[in-house]
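Asks: Starting off with a structure, shown below.
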Amino acid sequence: MRLRYAVGIEDIGVELPFTLRTLYNFRSRVRAYEKREGVNLYEKVFEQVTDEQLERYRVAAGLQRMDSTQVLSNVAQSGRLALLISVLQQGIKGLGEEN
1 MRLRYAVGIE DIGVELPFTL RTLYNFRSRV RAYEKREGVN LYEKVFEQVT
51 DEQLERYRVA AGLQRMDSTQ VLSNVAQSGR LALLISVLQQ GIKGLGEEN
């Protein structure tokens, strides 16, 4: 629901496929917002999702396993949009598993 709203599809009953143009327009609006307001929305969303998951799954963020370092290096190589899409895909997949 949040993703549909974020990309400008506010009517729940309408089945509109995402097109490449939809994603381009979304990225353009996010960049324009950052330029105008000085706020990186991708960063804010990533921080919010991370904080919510830490709280929900009661993860002790102060502890880091040895293999976590490898994951962090892969995250650094990924672009922000690719990272956001990956997080959203995993979240949507997880929603299907709860039902």
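If you read the sequence shown in my numbering, its first letter stands for residue 1, the second for the next number, and so on. The beta-carbon is built from N, C-alpha and C at its ideal position, and this holds for glycine as well. Only a predicted model underlies this, so the values are computations on that prediction, with no experimental measurement involved.
(1) Measure the C-alpha to C-alpha separation of K44 and L20 and round it to an integer number of angstroms.
(2) With respect to the alpha helix (DSSP H) encompassing A32, which residues constitute its N-terminal and C-terminal limits?
(3) Here's the rule: buried if 16 or more other CB atoms are within 10 angstroms of the residue's CB, otherwise exposed. What is L23?
(4) Figure out for me which residue from G13, V14, L3 and E15 has the closest Cα to the Cα of R27.
Replies: Reading off the structure:
(1) If you take the alpha carbons of K44 and L20, they lie about 24 Å apart.
(2) Where A32 is concerned, the enclosing alpha helix (DSSP H) stretches over L20 to E37.
(3) Exposed is the call here.
(4) For R27, the nearest C-alpha among the options comes from L3.
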